[in-house]
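To keep things clear, I will list the structure first and then write my remarks on it.
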Amino acid sequence: MATFRAYLMTVVAILGAYTAVVGANHGWDLLPIFFSDIAAMTWHGQFNADFFGFLTLSGLWLAWRHEYSPAGLALGVLGLFGGMMVLAPYLVVASYQA
256 MATFRAYLMT VVAILGAYTA VVGANHGWDL LPIFFSDIAA MTWHGQFNAD
306 FFGFLTLSGL WLAWRHEYSP AGLALGVLGL FGGMMVLAPY LVVASYQA
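Under my numbering, residues 256 to 353 are what the sequence shown spells out, in order.
Set out below in structure tokens:
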């Protein structure tokens, strides 16, 4: 479990740094780019559509795990938009609670 937790926190650190660089260089307006790639029917769009499925699953799972309570729904929305930056720390905390 310690290795899994270390992996999760490493992913968050790397992804956080990567996101900061991309945001600084290209701006923070991701959604039009994300969905226009899907609409273009390219491999970038295919990846984004697949990834969006994972984001949706993450958000739904987080909400379900909290029995669709208001806090669970809020956490689900955070998971949908935050991806690994939300899910990985959540799993670290959940792993300690288990």
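For every residue, glycine included, the Cβ atom is placed at its ideal position computed from N, Cα and C. Keep in mind it's a predicted model, so treat the numbers as computed, not measured.
Whether residue i touches residue j by CB criterion (9 Å)
i, j, result
"Leu310", "Gly278", "no"
"Ala343", "Met264", "yes"
"Ser313", "Gly334", "yes"
"Arg260", "Val341", "no"
"Ala318", "Gly331", "yes"
DSSP state of residue i mapped onto helix, strand, coil
i, result
"Met354", "Since the first residue of the chain shown is 256 and the last is 353, residue 354 is not available in this structure."
For residue i, the nearest candidate out of the options (CA to CA)
i, options, result
"Trp316", "Ile288, Leu285, Tyr345", "Tyr345"
"Phe307", "Phe289, Leu270, Val276", "Phe289"
* **Whole alpha helix (DSSP H) elements within the segment 280 to 352, 4-residue minimum** => Contiguous alpha helix (DSSP H) elements confined to the segment 280 to 352 occur at 285 to 294, 298 to 320, 325 to 337, 339 to 352, taking only those with 4 or more residues.
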